[in-house]
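Trainee:
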Amino acid sequence: MGLDTKPLATLHEKASYEVADFEVPTGREEEWRFTPLRRLKGLHNGTADASGKIISEVEAPAGVTVETVGRDDERIGRAFVPSDRVSAQAWSSFTEATVVTVPKELEAVEPVVIRRNGEDASGAAYGHTTVIVEPFAKATVVLTGRGSAVYAENVEFVVGDSASLSVISLQDWADDAVHVARQHARLGRDARFTSHNISLGGDLVRVSPSVEYAERGGDAELYGVYFVDGGQHLEHRLLVDHAVPTCRSRVDYRGALQDQDAHAVWIGDVIIRAEAEGTDTYELNRNLVLTDGTRVDSVPNLEILTGEVAGAGHASASGRLDDEHLFYLQARGIPFDQARRMVVRGFLGQLVDRIEVDEVREKVAAAIEAELDRAPAREAEPVR
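Under our numbering, the first residue of the sequence shown is numbered 1, with each subsequent residue one higher.
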């Protein structure tokens, strides 16, 4: 299936279901320049051995429908078009998709939990998930990834008029895993969408959340937490496309890095089209560098095509622990290592505390504590 569309904007230039419509990336392209292509294990150029397997388990509360369907199901692709070669490869390569439907006016008390488990990283696997929240319904979806895998997937969220969906995506893969995911949400009139992306494990993880507003009054909040260890590459590339009037978006991603060759990438693209008058948007990325030898690339982009906006802004900051904060705590008898732990915990905890599912929130908090246990006794020298 092909799609002939004009470019969305200079920040988002191509969309197609056909793999051949995307050139094999070389690393010089804007959308690939921060990604170490050699570590994608062939996901980007078609050389991946498609013998991998992901075991998917789904738990859903009463009233929510979960189906495994073929590629010809008309509900698949309603809100989604691939925007890069890996996403298009995942679209053309999956054989079965998971479709989750929350019926009209249902308020699901318990979350829908979708667990993806990998057994080895010797072959690539591809997947597709569609979540449909019908008008006036409310639900929470938890996506988890564990084990060893080379996995490319597309996930689409269709949020109906006046519906509400909260998504928690936890990337907790094994050290050898490669995970590339496109997550796209399409919001109806007065719909509300909240996303939490937490990236902790894996050798290379690249998650690309995007939001599309189909009607007025849509509200999206995108949060992210990541802790990058030595040798890891954790990348998040966001696109919020304001194409209709009076919609709102907020983005807040925060990360911490430690040990040699830990690499975090955050790209935040926001488009406010000419017809999107009354848009209210703000995006923020902050990173704490805990040791020498790490690298942070943080690029906020804001493209405004109308002068009639309610608010628009962005910010990015990356740096060491604040010496004044540490001194304040140490002056009150708190040892340096404990003071550092308190500052990092508070920095990330502001977003961790927003996670609505107790089990996931506690697991993420415990994982951050475990990372801090691994930290060296002293942090890098302050930047002069």
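Cβ coordinates follow ideal geometry from the N, Cα and C atoms, glycine included. Please read these numbers as outputs of a predicted model, since none were measured by experiment.
(1) Nearest-angstrom Cα distance between Asn287 and Asp72?
(2) With DSSP as the reference, label Val141 as helix, strand or coil.
(3) Mind the definition here: the segment 17-33 touches the segment 111-130 only if three or more C-beta pairs lie below 8 Å; say whether that holds.
(4) Which residues share a DSSP beta bridge with Arg250?
(5) Please classify Asp373: is it buried, with 16 or more other beta-carbons within 10 angstroms of its beta-carbon, or exposed?
(6) Whose C-alpha, out of Glu134, Val141, Ala108, Glu107, is nearest the C-alpha of Arg115?
(7) How would you call Lys41, buried or exposed, if buried means at least 16 neighbouring beta carbons within 10 angstroms?
(8) Output needed for Glu67: all residues of its chain with C-beta closer than 6 Å, excluding positions within five of it in sequence on either side, in chain order.
(9) Just to confirm the assignment, what range does the beta strand (DSSP E) spanning Phe80 have?
(10) For the segment 226-235 against the segment 246-262, are there 3 or more C-beta pairs whose distance is under 8 Å?
(11) Here's the rule: buried if 16 or more other CB atoms are within 10 angstroms of the residue's CB, otherwise exposed. What is Gly293?
(12) Measuring alpha carbon to alpha carbon, tell me which residue in Pro82, Arg75, Ala139, Leu43 is nearest Pro61.
(13) Could you check whether the segment 144-158 touches the segment 42-57, counting it as contact only if at least three pairs of C-beta atoms, one from each stretch, sit closer than 8 Å?
(14) Based on DSSP bridge pairs, tell me the residues matched to Ser148.
(15) I'd like to know whether the C-beta atoms of Ala185 and Val205 end up nearer to each other than 7 Å.
(16) Apart from the five residues just before and just after Gly201, which ones in its own chain have a Cβ nearer than 6 Å to its Cβ?
(17) Cβ atoms of Ala317 and Gly278: under 7 Å apart, would you say?
(18) Would you call the CB atoms of Val251 and Gly268 closer than 7 Å?
(19) Out of Ala79, Phe193, Gly127, which has the shortest C-alpha to C-alpha gap to Ala90?
(20) Who are the Cβ neighbours of Pro103 in its own chain at under 7 Å, not counting the five residues just before and after it?
(21) Among all the DSSP beta bridges, which residues are the ones paired with Phe193?
(22) So, is Thr101 buried or exposed, given that buried needs 16 or more other C-beta atoms within 10 angstroms?
(23) Whole-angstrom Cβ separation of Val344 and Leu170, contact assumed at under 8 Å?
(24) Can you find the residues in the same chain that come closer than 8 Å, C-beta to C-beta, to Arg216, ignoring five residues on each side of it along the sequence?
(25) Could you check where the beta strand (DSSP E) with Gln258 kicks off and where it finishes?
(26) What are the residues that DSSP puts in a beta bridge with Phe227?
(27) Can you list, in chain order, the residues of its chain whose CB lies under 7 Å from that of Asp84, leaving out five sequence neighbours each side?
(28) I'd like to confirm the pairing. Which residues does DSSP put opposite Trp266 in its beta bridges?
Mentor: Taking the coordinates as given:
(1) 43 Å
(2) strand
(3) no
(4) For Arg250, which the question treats as bridged, DSSP gives the partners Glu221, Tyr282.
(5) exposed
(6) Among Glu134, Val141, Ala108, Glu107, the Cα nearest to that of Arg115 is on Val141.
(7) buried
(8) Val99
(9) Segment: none, Phe80 is in no beta strand (DSSP E) and carries neither H nor E.
(10) yes
(11) exposed
(12) Nearest to Pro61 by C-alpha distance, out of Pro82, Arg75, Ala139, Leu43, is Ala139.
(13) yes
(14) For Ser148, the pairing in a beta bridge is given by DSSP as Glu119.
(15) no
(16) Asp172, Trp173
(17) It is not a contact, given that the beta carbons lie outside the stated cut-off.
(18) yes
(19) Gly127
(20) Gly63, Glu134, Ala137
(21) Leu165, Ala220
(22) It is buried - the Cβ of Thr101 has at least 16 other Cβ atoms within 10 Å.
(23) Between Leu170 and Val344 the Cβ distance is about 19 Å, and since that is not below 8 Å, they are no contact.
(24) Arg189, Asp190, Val244, Pro245, Thr246, Cys247
(25) Element bounds for Gln258: n/a, residue is neither H nor E.
(26) Ala256
(27) Phe22, Glu31
(28) His236, Ser298
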